[in-house]
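Taking it in order: structure first as structure tokens, then the write-up.
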Amino acid sequence: MSDPTYPPLDEPKPVARDIWVVDGPIIRFYKMPFSTRATIVRLENGDIWLHSPTRWSRDLQQKIEALGPIRHLIAPNWIHYAYVADWQAALPDAHVWAAPGVAGRAASHGVDIRIDHDLTQDAPPEWAGQIDQMIVEGSRLHREVVFFHRASDTLILTDLIENFEPAKLPWWFRPLAWLGGVSEPGAMPRDMRASFAGHTDQLRAQVQRMIDWAPTRVILAHGRWYREGGTDELHRAFSWLLD
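Under this note's numbering, the residues of the sequence shown are numbered 87 to 329, in order.
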């Protein structure tokens, strides 16, 4: 049986010094099975920065807290907030940082999240100089905050690139992933690409900034992430925009 996930699940897995990923269970998005992934960064003061949290459990919380106190919960776009409320309930002193659109989307779906800070184009003092950030704008549908962890040369994306390995997908999902442009080796989903119509110059400049960060690795929320050659993968995934 095909399995789109990346076991072991609910387990911090080292990426480089002070950065880990947590692979979570599948979620259903328009009935299609998407693997999920969170990213953990330990800041210089020891605090934990948790990006796009996967499902909460007491066990996973304790495993992450063994790395440091969880102080920052990151909702990087208008879709990736689904589990933040559960983490906030378990960690009421943690600060929730949300991308533009999250508050309205959560309210429209009856999800109760206390948003403490809006994510902006500039990194806040809590992680300035350690994690760079940028809001990718210009889409009619999608604004995503992307992050670059300087110490590990790691770019952290959410949905701007998806990379589904056909062998791990149900047979009926494979042609849909191919049509959507997100089969391995991965790229921006075609519907998202279309949503930047009329603003491709703006998107090109934003992608160029990501390339200028020169990441070694690129972590994605869905599918296989890029453990090496990150800058080359960005050139390839956005060749339709850059060429």
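Ideal Cβ positions, reconstructed from N, Cα and C, are used throughout, including at glycine.
Every value quoted in this text rests on a predicted model; they were computed, and no experiment measured them.
The three-state secondary structure of Ile156, taken from DSSP, is strand. Boundaries for Met278: no beta strand (DSSP E) harbours it, while the alpha helix (DSSP H) harbouring it runs Arg276 to Ser281, taken from the DSSP string. Here Lys99 carries a strand assignment [DSSP, helix/strand/coil]. Residue environment analysis places His203 among the exposed positions, since fewer than 16 neighbouring C-beta atoms fall within 10 angstroms of its C-beta.
Look at Ala189 here: in three-state DSSP terms it is helix.
Of the candidates Phe282, Pro178, Ala273 and Ala283, Ala273 places its Cα closest to the Cα of Gly316. DSSP places Thr122 within a strand segment (E or B) once states are collapsed to three.
With the rule of 3 Cβ pairs closer than 8 angstroms, the region 131-144 does not count as touching the region 310-325. Excluding the 5 residues flanking it on each side, Ala102 has same chain C-beta neighbours closer than 7 angstroms at Ser238 and Thr240, in chain order. The beta-carbon distance between Trp164 and Arg141, rounded to whole angstroms, is 19 angstroms. This is too long to meet the 8 angstroms contact definition. The residue among His321, Thr286 and Ile247 with its C-alpha nearest the C-alpha of Gly267 is Ile247.
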